Amino acid sequence: MRIHAAAAAGVVVVGAVLRLPPLSWAVLALAVGLVLAAELLNTALEAVVDLVSPEDHPLAKQAKDVAAAAVLVASLAALVAGVFVLAEALAARVL
Numbered sequence: 010m011r012i013h014a015a016a017a018a019g020v021v022v023v024g025a026v027l028r029l030p031p032l033s034w035a036v037l038a039l040a041v042g043l044v045l046a047a048e049l050l051n052t053a054l055e056a057v058v059d060l061v062s063p064e065d066h067p068l069a070k071q072a073k074d075v076a077a078a079a080v081l082v083a084s085l086a087a088l089v090a091g092v093f094v095l096a097e098a099l100a101a102r103v104l
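For the sequence shown, position 63 (counting from the first letter as 1) is numbered 72 according to the working numbering, and the numbering increases by one without interruption.
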């Protein structure tokens, strides 16, 4: 969560420096929100799995792994969205 929060803060700083238009801010806000929500859901699922299955169990491991994979997928999608938004803004400044 700390890494994602730091990345989000970095994106906000870069977006402010580039003076992104409102639509770009909306895309970035949705991407950041998706990742943070996925991270929170992952944490909640892991807590519930630990509560229900304190001992090691293959299905508990699978549930945790799939939840972590969901965070990874959300993070990669946010990265792609951020690259498109920020690359476009950087290109507009340079050209």
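Don't be surprised by glycine CBs; every beta carbon is placed ideally from N, CA and C. Bear in mind the structure is a predicted one, so any value in this text is a computation, not a measurement.
Give the straight-line distance between the Cα atoms of residue i and residue j, rounded to the nearest whole angstrom.
i, j, result
"Met10", "Ala96", "25 Å"
"Leu32", "Val94", "10 Å"
"Thr52", "Ala86", "20 Å"
"Val22", "Trp34", "12 Å"
"Ser62", "His13", "28 Å"
Compute the beta-carbon to beta-carbon distance between residue i and residue j, rounded to the nearest angstrom, for a pair I have assumed lies under 8 Å.
i, j, result
"Ala83", "Val44", "5 Å"
"Lys73", "Glu48", "Not confirmed; about 13 Å, so no contact."
"Val58", "Ala69", "5 Å"
"Ala98", "Leu29", "6 Å"
Does DSSP put residue i in a helix, in a strand, or in coil?
i, result
"Ser62", "coil"
"Arg102", "helix"
"Pro30", "coil"
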